[in-house]
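Per full-length UniProt numbering, the sequence shown starts with residue 1, numbered consecutively.
Below is one structure, written out as structure tokens; comments come after it.
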Amino acid sequence: FKKYEIFLENLFVTPSKSSRGRRRINHIRIFNATLEQFENAEIEHLNTVGINPVI
């Protein structure tokens with residue numbers, strides 16, 4: 001077994017990668033893009049059954 005001190009060093013080592021955390025969904029941007037598609041009559045993809053509207 002390794003020594004306890006080495007275990008603690010490995011346990012509290014500084015991570016080499018950083019994370020920005022979970023990204024928040026920009027609902028306003030998605031709504032505006034969908035509204036623009038609707039106003040430009042580019043809505044054929046919204047009428048299909050295979051689309052998954054949940055993001």
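Cβ atoms here follow ideal geometry from the backbone N, Cα and C, with glycine treated the same way.
Contact check for Gln37 against Ile28 fails: the beta carbons are separated by 9 Å or more. Non-local C-beta neighbours of Leu35 in its own chain, meaning closer than 6 Å and more than five positions away in sequence, are absent. The continuous alpha helix (DSSP H) containing Ile28 extends over residues His27 to Glu39. Rounded to whole angstroms, Asn26 and Ala33 show a C-alpha spacing of 11 Å.
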